[in-house]
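Enquirer: Shown below is the structure under consideration.
2 protein chains.
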Amino acid sequence: MVELDHVVEEVLKVINDNGFSQKGAFNLRQNGTSICHGDSEHIKIKKKTDKPGIDIYIDGDTKGEKVYIPVVVSVSGMTDLVYNDFYIADGADVTIVAGCGIHNSGCNESRHDGIHTFHVGKNANVCYQEKHYGEGNGTGGRVLNPVTNIYVGENSVFTLDTAQIKGVDSTVRETLVEMDKNSRLYVTERLMTEGDQTAESNIEVRLNGEDSSAQIISRSVGKGNSVQTFHPKAVGNNKCQAHIQCDSIIMDHAEIGSIPEIRARDLNAAIIHEAAIGRINDEQLLKLRTLGLTEEEAENVIIENFLN
Amino acid sequence: MVELDHVVEEVLKVINDNGFSQKGAFNLRQNGTSICHGDSEHIKIKKKTDKPGIDIYIDGDTKGEKVYIPVVVSVSGMTDLVYNDFYIADGADVTIVAGCGIHNSGCNESRHDGIHTFHVGKNANVCYQEKHYGEGNGTGGRVLNPVTNIYVGENSVFTLDTAQIKGVDSTVRETLVEMDKNSRLYVTERLMTEGDQTAESNIEVRLNGEDSSAQIISRSVGKGNSVQTFHPKAVGNNKCQAHIQCDSIIMDHAEIGSIPEIRARDLNAAIIHEAAIGRINDEQLLKLRTLGLTEEEAENVIIENFLN
Numbered sequence: 000m001v002e003l004d005h006v007v008e009e010v011l012k013v014i015n016d017n018g019f020s021q022k023g024a025f026n027l028r029q030n031g032t033s034i035c036h037g038d039s040e041h042i043k044i045k046k047k048t049d050k051p052g053i054d055i056y057i058d059g060d061t062k063g064e065k066v067y068i069p070v071v072v073s074v075s076g077m078t079d080l081v082y083n084d085f086y087i088a089d090g091a092d093v094t095i096v097a098g099c100g101i102h103n104s105g106c107n108e109s110r111h112d113g114i115h116t117f118h119v120g121k122n123a124n125v126c127y128q129e130k131h132y133g134e135g136n137g138t139g140g141r142v143l144n145p146v147t148n149i150y151v152g153e154n155s156v157f158t159l160d161t162a163q164i165k166g167v168d169s170t171v172r173e174t175l176v177e178m179d180k181n182s183r184l185y186v187t188e189r190l191m192t193e194g195d196q197t198a199e200s201n202i203e204v205r206l207n208g209e210d211s212s213a214q215i216i217s218r219s220v221g222k223g224n225s226v227q228t229f230h231p232k233a234v235g236n237n238k239c240q241a242h243i244q245c246d247s248i249i250m251d252h253a254e255i256g257s258i259p260e261i262r263a264r265d266l267n268a269a270i271i272h273e274a275a276i277g278r279i280n281d282e283q284l285l286k287l288r289t290l291g292l293t294e295e296e297a298e299n300v301i302i303e304n305f306l307n
Numbered sequence: 000m001v002e003l004d005h006v007v008e009e010v011l012k013v014i015n016d017n018g019f020s021q022k023g024a025f026n027l028r029q030n031g032t033s034i035c036h037g038d039s040e041h042i043k044i045k046k047k048t049d050k051p052g053i054d055i056y057i058d059g060d061t062k063g064e065k066v067y068i069p070v071v072v073s074v075s076g077m078t079d080l081v082y083n084d085f086y087i088a089d090g091a092d093v094t095i096v097a098g099c100g101i102h103n104s105g106c107n108e109s110r111h112d113g114i115h116t117f118h119v120g121k122n123a124n125v126c127y128q129e130k131h132y133g134e135g136n137g138t139g140g141r142v143l144n145p146v147t148n149i150y151v152g153e154n155s156v157f158t159l160d161t162a163q164i165k166g167v168d169s170t171v172r173e174t175l176v177e178m179d180k181n182s183r184l185y186v187t188e189r190l191m192t193e194g195d196q197t198a199e200s201n202i203e204v205r206l207n208g209e210d211s212s213a214q215i216i217s218r219s220v221g222k223g224n225s226v227q228t229f230h231p232k233a234v235g236n237n238k239c240q241a242h243i244q245c246d247s248i249i250m251d252h253a254e255i256g257s258i259p260e261i262r263a264r265d266l267n268a269a270i271i272h273e274a275a276i277g278r279i280n281d282e283q284l285l286k287l288r289t290l291g292l293t294e295e296e297a298e299n300v301i302i303e304n305f306l307n
């Protein structure tokens with residue numbers, strides 16, 4: 000077991016919910032290098048030879064297993080680019096816990112660009128959890144620009160649960176999902192920005208296969224002078240169903256934009272979108288304050304509830 | 000009274016709902032020229048001297064009056080560009096009935112680009128109705144590219160009721176609305192395309208004034224191989240409310256895209272969007288067919304209801 004430094008351990012607690020323990024299949028990347036990794040009977044992780052990153056092979060007998068692949072950047076001024084490819088065999092049932100934490104206590108920008116590609120076979124069930132987090136008292140920026148490409152095979156279910164908890168100064172998220180026959184996609188995106196942070200999220204879902212379905216739920220809170228832009232897009236190329244829902248709470252002097260796009264290219268494509276941007280519910284606030292909470296505490300309770 | 004040819008009379012019946020009669024304030028433009036016009040006590044129409052088009056002055060004592068300004072293009076191969084400016088004084092209450100019909104029985108493209116600008120004062124109530132329509136058995140295209148700029152003054156109400164009934168081969172609609180304090184906007188857009196027709200509609204509403212509010216309802220039906228794209232945008236720059244709703248029925252091999260954008264730049268901006276694209280309701284269809292209607296008749300009843 001590799002001994003981890005204190006900063007890494009603290010960051011892992013946040014981005015992996017205390018679940019990371021160097022057992023089973025895992026890979027921990029710190030400052031551009033894999034510092035420890037393990038395989039399990041059904042999940043094998045191989046270092047790429049042509050570029051930075053790993054290939055993760057998940058066989059069809061994987062049932063309910065979790066694989067942890069956290070990334071920590073703790074050096075100020077570093078740009079870490081990584082390519083992770085997931086090969087998920089027919090019938091596999093797996094949870095992938097990713098997540099990236101940047102600890103920046105210097106004055107230079109620290110940045111992680113993770114390019115993740117998922118090749119999901121038939122009849123599989125994949126849950127991908129990803130938490131993005133920044134900390135440290137340096138003035139250098141904490142930047143995360145993830146690219147996520149997902150190919151969902153016939154009859155498979157893909158759940159994408161992504162959260163930007165706090166401390167990320169700038170993010171541009173690009174997500175592309177291609178869906179085969181009878182596949183299902185569930186996306187939950189949660190995002191909080193404050194100060195002068197900016198966040199942009201572009202999600203495109205192509206419902207190519209008959210009877211494919213997608214649900215995208217995006218919830219965000221914008222505080223301070225932060226700016227957020229969401230551009231979820233669902234394209235129905237076949238008989239399919241899609242539902243996009245974006246809800247945002249705006250606070251202080253934040254700016255929030257929501258530009259969903261729904262496009263039907265088939266008579267039997269049924270696509271729905273809903274979006275709302277508004278301030279914190281005054282009645283909820285009042286109620287919590289009459290229970291003895293300060294305004295700030297009451298706001299935090301509402302925000303936490305809204306994002307969870 | 001100017002005698003109108005048969006084609007013009009028939010087109011006017013469609014685009015002006017039989018309301019045009021060369022009485023009161025009116026201006027009829029045919030093939031690039033004003034062929035008749037009249038003023039009323041409160042509404043004066045002046046021909047522009049620097050470019051094609053008219054200035055329409057509506058005084059503050061106008062109460063419930065209608066002004067007709069239809070346009071007919073009946074020559075194949077013509078491009079008609081016109082600038083119409085409306086100066087609506089404080090307190091006026093007026094209905095402006097525009098509308099453009101293209102009768103093309105030739106093989107060349109006929110096109111009308113109407114650039115309309117509305118300067119609306121305070122405490123006014125303006126209703127602007129506009130119907131777009133194409134006909135004629137020629138192979139030449141019928142093209143309508145309207146640009147509409149609207150400045151809504153304090154406490155004023157602006158109602159924009161726009162419909163593209165049928166026969167328009169290509170349209171790109173650009174609408175920009177700037178809203179002052181306590182003003183209200185109601186937009187209803189209805190659009191039907193068939194064959195190889197294409198339609199694009201871009202509406203941007205800027206809610207600049209405190210307590211301004213906007214409601215945009217867009218309903219469309221896409222038949223044949225037609226392609227429609229909607230891009231309504233509401234920007235909340237102050238304490239305001241906006242609601243955008245887009246509903247589309249997709250038929251045959253049509254393609255419909257809806258890309259609403261809501262953007263809040265103020266803590267007290269509350270903006271909501273809803274959009275849905277789907278096929279004709281099967282149960283409604285079945286019900287009407289059991290009442291003895293053919294499939295086509297039943298579809299037409301549903302479409303007409305949906306668009307009205």
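Taken in sequence, the protein lines are chains D and E.
Residue 0 is where the first sequence starts when you use numbering that gives the first Met the number 0, and the numbers rise one by one after that.
Residue 0 is where the second sequence starts when you use numbering that gives the first Met the number 0, and the numbers rise one by one after that.
Even glycine gets a Cβ: it sits at the ideal position worked out from N, Cα and C.
When the Cβ atoms of the stretch 68 to 86 of chain E are set against those of the stretch 21 to 39 of chain E, are three or more pairs found closer than 8 angstroms?
Expert: With a cut-off of 8 angstroms, the stretch 21 to 39 of chain E and the stretch 68 to 86 of chain E count as touching, because enough Cβ pairs lie within range.
Enquirer: What number of angstroms, rounded off, separates the C-alpha of E/R288 from the C-alpha of E/G277?
Expert: If I take the Cα positions, the gap works out to 20 angstroms.
Enquirer: By a C-beta neighbour count over all protein chains shown, 10 Å radius and 16 as the cutoff for buried, is D/N307 buried or exposed?
Expert: Result: exposed.
Enquirer: Within 8 angstroms of any Cβ in chain E, is that where the Cβ of D/I114 sits?
Expert: No, no contact with chain E.
Enquirer: Within 8 angstroms, do at least three Cβ pairs link the stretch 221 to 235 of chain D to the stretch 185 to 201 of chain D?
Expert: The stretch 185 to 201 of chain D vs the stretch 221 to 235 of chain D: in contact.
Enquirer: Could you pull out every residue in the same chain whose Cβ sits closer than 8 angstroms to the Cβ of E/L292, ignoring the five residues on either side in sequence?
Expert: Only V300 meet the Cβ criterion.
Enquirer: Based on the DSSP secondary-structure assignment, which residues constitute the bridge partners of D/R264?
Expert: The partner list for D/R264 (beta bridge, DSSP) is empty, contrary to what the question assumes.
Enquirer: With distances taken Cα to Cα, identify the nearest neighbour of D/D60 among D/G140, D/N122 and D/Q244.
Expert: Looking at the Cα atoms, D/N122 is the closest of the given residues.
Enquirer: Consult DSSP for D/N299 and reduce its assignment to one of helix, strand or coil.
Expert: If DSSP states are grouped into helix, strand and coil, D/N299 belongs with the helices.
Enquirer: Name the residue from D/N103, D/I114, D/F85 and D/V125 whose alpha carbon lies nearest to the alpha carbon of D/Y137.
Expert: Per the sequence shown, residue 137 of chain D should be read as Gly rather than Tyr. D/G137 has its Cα closest to that of D/N103, out of D/N103, D/I114, D/F85 and D/V125.
Enquirer: Got a sec, what are the start and stop residues for the beta strand (DSSP E) D/Q128 sits in?
Expert: First-last of the beta strand (DSSP E) with D/Q128: N124 to E134.
Enquirer: Does the pairing of the stretch 9 to 23 of chain D with the stretch 138 to 146 of chain D give three or more beta-carbon distances under 8 angstroms?
Expert: Contact between the stretch 9 to 23 of chain D and the stretch 138 to 146 of chain D is absent, because fewer than three Cβ pairs lie under 8 angstroms.
Enquirer: What are the residues that DSSP puts in a beta bridge with E/G313?
Expert: No statement about residue 313 of chain E is possible, as the shown extent of chain E runs from 0 to 307 and does not include it.
Enquirer: Sorted by chain position, which residues of the same chain lie with C-beta nearer than 6 angstroms to E/I114's C-beta, five sequence neighbours on each side aside?
Expert: Same-chain partners within the cutoff: Y82 and V146.
Enquirer: Assuming E/I87 and E/I53 are in contact, meaning their beta carbons sit under 8 angstroms apart, how far apart are those beta carbons, in whole angstroms?
Expert: Rounded, the Cβ-Cβ distance is 14 angstroms, inconsistent with contact.
Enquirer: Our contact map puts D/A233 next to D/A241 with C-beta atoms below 8 angstroms; I'd like the distance itself, whole angstroms only.
Expert: With 8 angstroms as the limit, D/A233 and D/A241 qualify as a contact, their Cβ atoms being about 4 angstroms apart.
Enquirer: Quick one, which residues of the stretch 227 to 251 of chain E are near chain D if we go by CB-CB under 7 angstroms, in chain order?
Expert: Per Cβ criterion, the list reads I249, M250 and D251.
Enquirer: In chain order, what residues of the same chain lie with their CB nearer than 6 angstroms to the CB of E/T158, ignoring the 5 residues before and after it?
Expert: Result list for E/T158: C126 and Y185, in chain order.
Enquirer: Report the three-state DSSP secondary structure of E/L290 (helix, strand or coil).
Expert: Reduced to three states, the DSSP call for E/L290 is coil.
Enquirer: Suppose you measure from the CA of E/N304 to the CA of D/I243; what does that come to, to the nearest Å?
Expert: Their backbone Cα atoms lie some 27 angstroms apart in a straight line.
Enquirer: If you measure beta-carbon to beta-carbon, which residues of the stretch 266 to 291 of chain D are closer than 8 angstroms to chain E?
Expert: So the list reads L266, N267, A268, A269, I270, I271, H272, E273, A274, A275, I276, G277 and R278, given in the order they occur along the chain.
Enquirer: Going by DSSP, name the residue or residues bridged to E/D112.
Expert: The partner list for E/D112 (beta bridge, DSSP) reads E/L80.
Enquirer: Going by beta carbon distance, what residues of the same chain come within less than 6 angstroms of E/L175, once the five residues before and after it are set aside?
Expert: Answer for E/L175: N148 and E203, listed in chain order.
Enquirer: Around the Cβ of E/T161, are there at least 16 other Cβ atoms within 10 angstroms (buried) or fewer (exposed)?
Expert: By the 10 Å Cβ count, E/T161 comes out buried.
Enquirer: Out of D/K50, D/D84, D/V7 and D/N236, which has the shortest C-alpha to C-alpha gap to D/S211?
Expert: The option with the nearest alpha carbon to D/S211 is D/N236.
Enquirer: Whose Cβ in chain E lies nearer than 7 angstroms to the Cβ of D/P69?
Expert: Per Cβ cutoff of 7 angstroms: no residues; D/P69 is ~34 angstroms from chain E at best.
Enquirer: Quick one: grab the DSSP three-state call for D/K12.
Expert: Correct three-state label for D/K12: helix.
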